[in-house]
Every structure is written in structure tokens, then in C-alpha cells.
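Q:
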Amino acid sequence: MSTRRQWLGAAASAAVVPWAWAQAPYPARPLSWVVPYPAGGFGDAMSRLLVQKLGERMQQAVVVENKPGGAAQLAAQYVKQQPADGHTLLYADIGPLAMYPALYAKLSFSPLKDFAPLTRLFKSPLVVVVPAGSPFQSLADLLRAAAAGDGLNYGSYGQGSQPHVWTEQLRIKTRSRMTHVPYQGAAPALQDLMAGRLDFMCDVVASSLPLVREGKLRALVSVGSEQRLQVLPQVPTLTEAGHADLDTPGWNGVMVRAGTPAPVVEVLHKAVVAALESPEVLGRFRPLGLEPAPLAPAAFGEFIQSESQRWGLAIRQAGIKVE
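One rule links them: number in this note's numbering = place in the sequence shown (from 1) + 250.
1. When the Cβ atoms of the stretch 315 to 335 are set against those of the stretch 517 to 529, are three or more pairs found closer than 8 Å?
2. Do Gly-293 and Leu-353 have their CB atoms nearer than 7 Å?
3. Contact defined as beta carbons within less than 8 Å: I believe Val-380 pairs with Arg-463. What is the distance between those atoms, to the nearest angstrom?
4. Does DSSP classify Ala-322 as helix, strand or coil?
5. To the nearest angstrom, how far is the alpha carbon of Gln-327 from that of Asp-391?
6. According to DSSP, is Pro-537 part of a helix, a strand, or is it coil?
7. Tell me whether Leu-368 is buried or exposed, calling it buried when 16 or more other Cβ atoms sit within 10 Å of its Cβ.
8. Tell me, to the nearest whole angstrom, how far the beta carbon of Thr-429 is from that of Gly-401; I am working on the premise that it is less than 8 Å.
9. At the 7 Å Cβ level, is Gly-401 part of the contact set with chain C, yes or no?
10. What are the residues that DSSP puts in a beta bridge with Trp-283?
11. Since Asp-497 contacts Val-473 with CB under 8 Å, what's their CB separation in whole angstroms?
12. Here's the rule: buried if 16 or more other CB atoms are within 10 angstroms of the residue's CB, otherwise exposed. What is Leu-563?
13. Return the CA-CA distance between Glu-573 and Asp-343, expressed in angstroms with no decimal places.
14. Between Ser-282 and Asn-502, what straight-line distance do the alpha-carbon atoms span, to the nearest angstrom?
15. Where do the N-terminal and C-terminal ends of the alpha helix (DSSP H) with Asp-449 fall, by residue?
16. Cutting at 8 Å between CB atoms, please list the residues of its own chain near Pro-499, excluding the five before and the five after it.
17. Please find out if some non-hydrogen atom of the ligand MN comes closer than 6 Å to the beta-carbon of Arg-566.
18. Contact check, Ala-334 vs Thr-487 under 8 Å by CB: the rounded distance?
19. Tell me the residue span of the alpha helix (DSSP H) that contains Gly-562.
20. Identify, in the order they occur along the chain, each residue of the same chain with its Cβ nearer than 8 Å to the Cβ of Gly-383, setting aside the five sequence neighbours on each side.
21. Going by DSSP, what residue range makes up the alpha helix (DSSP H) through Arg-425?
22. Measuring alpha carbon to alpha carbon, tell me which of Gly-569, Val-515, Val-504, Val-284 ends up nearest Pro-544.
23. Is the separation between the beta-carbon of Val-455 and that of Leu-339 shorter than 7 Å?
24. State buried or exposed for Gln-559, treating a residue as buried only when at least 16 other CB atoms are found within 10 Å of its CB.
25. Within a Cβ cutoff of 7 Å, which residues of the same chain sit near Val-517, ignoring the five residues on either side of it in sequence?
26. Using only the alpha-carbon positions, how far apart do Pro-286 and Ala-325 sit?
27. Would Arg-425 be called buried (16 or more neighbouring beta carbons within 10 Å of its own) or exposed?
28. Among residues of its own chain, excluding the 5 on either side of Val-431, which ones have a beta-carbon nearer than 6 Å to its beta-carbon?
29. Quick check on the burial criterion: 16 or more other C-beta atoms within 10 angstroms. Buried or exposed for Pro-529?
30. Can you list, in chain order, the residues of its chain with a C-beta nearer than 8 Å to that of Gly-408? Leave out the 5 residues immediately preceding and following it.
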């Protein structure tokens, strides 16, 4: 019997030892940080500062690879094709990780089947803005106008974007008349808003904040912040405005390919969180309204699942589809 126990113990040890001794030390080569958006955009800029601090932590170079297009499918497919060894990371936000599965009839990746969560990065609040010359001084003013006459026109940076889906939730809840005008990016939408060709817009704080500070736009309410934003202390929260059930922020995070060894996931998680909480990163992004919100890998996976259910329901209720 003792011989059998010894054999079983040796077999159990053999099952876990090979990864430890057969693999090269981790990381064995430079890491790739894949971004599904073009160079020069906000996600790209955020990534470049993060990978600088991550590289210092890992004592290895981390290279940003931009692979835009195809509703993040090009980036996701690329990461899926790489070895599950922790040398290729996928940066993504609420769209690819929680909304696209409900928006696209044919999506070539499954966020939680094809990838393993590392951590959430930032929570990104939204803000409802109107032209500086708008008569609306509050969200209540805007909703009264949206319920009367022909209603209001609003813009977003794309069909199926979080601001689009969120505004449709608001429209359905308040039974308002709101017509969506989609744009290819936030910049042209904000230009038309400032010119008065749109009545209002829900946008990420980071892109609207400079225009609010310059007096070109007026912020009516913040979305997804438990307290008033430090960068917009005069602007009430959505909960203050009476719509706590719709008060949810945007967010982003980091994934690796499914099947990446748990020890590697743990090393990467700790290193990414350390980079996220570095003074340089916080000093750059907190003034834009972003707050670090890391989660452990398992908790981040549960969060993605919960967000997928929430936004999937909202998308179906609004009947939003993207070809």
C-alpha cells in the first residue's frame, strides 16, 4: 500500500512540475500589448503609458501592437492565434468584452471562452452635454423637451456604442422622443453638437471635458460616478438627477489567451495593477475623470459576465443591431 501511495504522490508531483522546469523563465521575451483601436486614439495613448510602467515592473520590453478593425475581431483573432504563455495581452473595453456579443450576429470570438481575464483597469464615467447656447440647464429640462413636440436629436461616436445604448435606455425609461445620429468617432459628433446641429450627446468625460472647460459645451449630468466628479464638481450625478438605475460607467481591462497557466496570470495581474497604480499613470488619467478600478482575475471574469447580461438586455430591449 505504501508503494502505491508513493507512486500516486510522484504522479501528482509530475503533473505540476513540468510547467515549472520545462518552460523558459517568464517572461522569456518581450511582451505584446494588442490594442483593437488605431494609433493616436485614447485607448492607444492609455496603453502606451501603461506598458512603459509594466515593462519596468516585468524587466522586459512591452510593445504596443495596434490592430484596429472588424469590431475588435482582428485584434482578438490575433491574440487567439498566439501561444497561451502570457507573452501576448489584449487591451479591450466594455464594447468588445460585454456588448459586442449582443450587437453582432456573427462574432468570431467569445470574451470569456477564448480569453482569460487579468484585471479591470479604469472606470470611465460618461457625461451628458449640450451646446453652450442650449436652453437646457438640467437633465430634467432636457427630458421635458424630449417628451414634447418632435423630440430631440442626439449624437454618439457610433452605432452600438455605450453612449448610444445608454441614451436608448434613458429614452425607453422616460418614454421620450429621441432620434439617434451615429458618427464615425466622437470628434465629428462633438463638432456638430457645438454647431447646434445636435441637441445633446452622451460622451466619455475624457473627450468632452476640455470643451466644457472652454465654455463650448455645458455638462448637465455625469453618468457612472458614485460621487460628483472632481474634474466637474458643479455637475450633479445621475443618481442625484433621479435615475440611479441607469448610473453605470464605462470601463476597460486586460485579457490573455485562455489556457494561460495560472502562475503566469497571477504574475501579470500583479504587474499590471502595479503599473496602473503608479504615480505617473494616476497623474495622467485621474485629471480626465478616470479612476483606477482593478479586480482580481476571477472577480473580473464575474464582472464581465454580469456586464454582458446587463448590456445584452439593454441592447435587445432597444432593438439595436450592427451589421
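All residues carry an ideal CB built from backbone N, CA and C; glycine is no exception. From a predicted model like this one, the values you see are computed outputs, not experimental measurements.
A: So, from the data block:
1. The stretch 315 to 335, when compared against the stretch 517 to 529, does not touch it at the 8 Å Cβ threshold.
2. Indexing the sequence shown from 1 puts residue 293 at position 43. Indexing the sequence shown from 1 puts residue 353 at position 103. At least 7 Å separates the beta-carbon of Gly-293 from that of Leu-353.
3. Position 130 of the sequence shown, counting from 1, holds the residue named residue 380. Position 213 of the sequence shown, counting from 1, holds the residue named residue 463. Not a contact, Cβ separation roughly 15 Å.
4. Reading the sequence shown from its first residue, position 72 is the one you call residue 322. Correct three-state label for Ala-322: coil.
5. For the purposes of this step, residue 327 is taken as the residue at position 77 of the sequence shown. For the purposes of this step, residue 391 is taken as the residue at position 141 of the sequence shown. One C-alpha to the other measures close to 46 Å.
6. Within the sequence shown, numbered from 1, the residue matching residue 537 stands at position 287. Helix at Pro-537.
7. The count along the sequence shown starts at 1 and reaches residue 368 at position 118. Burial call: buried.
8. Counted from its first residue, the sequence shown places residue 429 at position 179. Counted from its first residue, the sequence shown places residue 401 at position 151. About 6 Å; that satisfies the 8 Å criterion.
9. Looking at the structure shown, chain C is missing, and only one protein chain is on hand.
10. In the sequence shown, residue 283 corresponds to position 33, counting from 1. DSSP lists Val-314, Leu-339 as partners of Trp-283.
11. Your numbering for residue 497 matches position 247 in the sequence shown. Your numbering for residue 473 matches position 223 in the sequence shown. The C-beta separation of Asp-497 from Val-473 comes to about 6 Å, placing the pair in contact by the 8 Å criterion.
12. One-based indexing of the sequence shown puts residue 563 at position 313. Flag for Leu-563 reads exposed.
13. Counted from its first residue, the sequence shown places residue 573 at position 323. Counted from its first residue, the sequence shown places residue 343 at position 93. One C-alpha to the other measures close to 20 Å.
14. The sequence position of residue 282 within the sequence shown is 32, counting from 1. The sequence position of residue 502 within the sequence shown is 252, counting from 1. Distance between the alpha carbons of Ser-282 and Asn-502 is about 17 Å.
15. The residue given as residue 449 occupies position 199 in the sequence shown. Counting along the chain, Asp-449 sits inside no alpha helix (DSSP H), nor does DSSP assign it H or E at all.
16. Position 249 of the sequence shown, counted from the start, is the residue given in the question as residue 499. Taken in chain order, the residues that qualify are Lys-373, Ser-374, Pro-375, Leu-376, Val-473, Gly-474, Ser-475.
17. The ligand MN is not part of this structure, which contains no ligands at all.
18. To locate residue 334, count along the sequence shown from 1; it is residue 84. To locate residue 487, count along the sequence shown from 1; it is residue 237. Actually they do not touch by this definition, with Cβ atoms about 41 Å apart.
19. Here residue 562 refers to the residue found at position 312 of the sequence shown. Here the alpha helix (DSSP H) through Gly-562 covers 547 to 568.
20. The residue given as residue 383 occupies position 133 in the sequence shown. Taken in chain order, the residues that qualify are Gly-446.
21. Taking the sequence shown and counting its residues from 1, the one referred to as residue 425 is at position 175. Run containing Arg-425: none; DSSP gives neither H nor E here.
22. For the purposes of this step, residue 544 is identified with residue 294 of the sequence shown, where counting begins at 1. It is Val-504.
23. Locating residue 455 in the sequence shown gives position 205, counting from the first residue. Locating residue 339 in the sequence shown gives position 89, counting from the first residue. Taking the C-beta atoms as reference points, Leu-339 is found no nearer than 7 Å to Val-455.
24. On the sequence shown, residue 559 is found 309 positions in, with the first residue counted as 1. Burial call: exposed.
25. As a first step, residue 517 must be located in the sequence shown, where it is residue number 267. Correct list, in chain order: Tyr-276.
26. The residue labelled residue 286 in the question sits at position 36 within the sequence shown. The residue labelled residue 325 in the question sits at position 75 within the sequence shown. So the two alpha carbons sit approximately 5 Å from each other.
27. If you number the sequence shown from 1, residue 425 lands on position 175. Counting Cβ neighbours within 10 Å, Arg-425 comes out exposed, since fewer than 16 surround it.
28. The count along the sequence shown starts at 1 and reaches residue 431 at position 181. Excluding positions up to five away in sequence, the list reads Asn-403, Gly-405.
29. On the sequence shown, residue 529 is found 279 positions in, with the first residue counted as 1. By the neighbour-count criterion, in which a residue is buried when 16 or more other Cβ atoms sit within 10 angstroms of its Cβ, Pro-529 is exposed.
30. On the sequence shown, position 158 is the one that residue 408 refers to. His-414, Pro-432, Tyr-433, Gln-434, Gly-435.
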